[in-house]
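> The structure is given below, and queries will be raised subsequently.
In our numbering, the protein residues as written are 425 to 546.
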């Protein structure tokens, strides 16, 4: 069963590897480390896709669209930081760090959804 859950890893050069406690990997500058492919690939694709969708030009790019973009960015940041504040007050331990990793993508995702919602509502 554990073979099903293991993710493929690849050795990549990194600028700095701080390592994990009780880990056998090398710490320091300009080292190679083993990383899981799928979580990193997922993060890279979410960021690139979100930027491409969020910054793509509309057919008619006027002041109204610029206003919608600005309102969507501010709304996504307010919602994200409200959630982060709630997490700081309620969640502790390793679950907190897991939540922070997922929250990293939230402003971009919320911006894309909010902008498209306001655009369709028009």
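Virtual Cβ for every residue (Gly too), placed ideally from N, Cα, C.
Predicted model only: the values in this text are computed from it and were never measured.
#1: Is the Cβ-Cβ distance between residue 453 and residue 437 less than 8 Å?
#2: Taking the straight line between their C-alpha atoms, what separation do you get for residue 442 and residue 483?
#3: Can you name the start and end residues of the beta strand (DSSP E) that residue 457 belongs to?
#4: Considering just the uninterrupted stretch of the alpha helix (DSSP H) at residue 433, what are its terminal residues?
#5: Taking the Cβ atom as the reference point for each residue, do residue 433 and residue 450 lie within a distance shorter than 8 Å?
#6: Give the straight-line distance between the Cα atoms of residue 508 and residue 523, rounded to the nearest whole angstrom.
#7: Measure the Cβ-Cβ separation of residue 496 and residue 535 and say whether it is below 8 Å.
#8: Measuring CA to CA, which of 517, 545, 527 is closest to residue 502?
#9: Relative to the C-alpha of residue 532, which residue among 504, 430, 487, 486 is closest?
#10: In whole angstroms, what is the alpha-carbon distance linking residue 463 and residue 469?
#11: Measure the C-alpha to C-alpha separation of residue 529 and residue 456 and round it to an integer number of angstroms.
In terms of the structure at hand:
#1: Numbered from its first residue, the chain shown carries residue 453 at position 29. Numbered from its first residue, the chain shown carries residue 437 at position 13. The answer is no: Cβ separation not under 8 Å.
#2: Along the chain shown, read from residue 1 onward, the residue named residue 442 stands at position 18. Along the chain shown, read from residue 1 onward, the residue named residue 483 stands at position 59. Cα to Cα, the separation comes out at about 47 Å.
#3: Taking the first residue of the chain shown as position 1, residue 457 is located at position 33. Start and end: 452–460.
#4: Here residue 433 is taken as the residue at index 9 of the chain shown, counted from 1. Careful: residue 433 lies outside any alpha helix (DSSP H), inside the beta strand (DSSP E) at 433–441.
#5: Indexing the chain shown from 1 puts residue 433 at position 9. Indexing the chain shown from 1 puts residue 450 at position 26. Against a cut-off of 8 Å, the Cβ pair of residue 450 and residue 433 comes out as no contact.
#6: Residue 508 sits at position 84 when you count from the first residue of the chain shown. Residue 523 sits at position 99 when you count from the first residue of the chain shown. Cα-Cα distance, rounded: 9 Å.
#7: Within the chain shown, numbered from 1, the residue matching residue 496 stands at position 72. Within the chain shown, numbered from 1, the residue matching residue 535 stands at position 111. Closer than 8 Å, so yes.
#8: On the chain shown, residue 502 is found 78 positions in, with the first residue counted as 1. For residue 502, the nearest C-alpha among the options comes from 527.
#9: Here the question's residue 532 lines up with position 108 in the chain shown. Nearest of 504, 430, 487, 486 to residue 532, Cα basis: 504.
#10: Taking the chain shown and counting its residues from 1, the one referred to as residue 463 is at position 39. Taking the chain shown and counting its residues from 1, the one referred to as residue 469 is at position 45. The alpha-carbon atoms of residue 463 and residue 469 are separated by roughly 10 Å.
#11: One-based indexing of the chain shown puts residue 529 at position 105. One-based indexing of the chain shown puts residue 456 at position 32. Straight-line Cα distance between these residues: approximately 26 Å.
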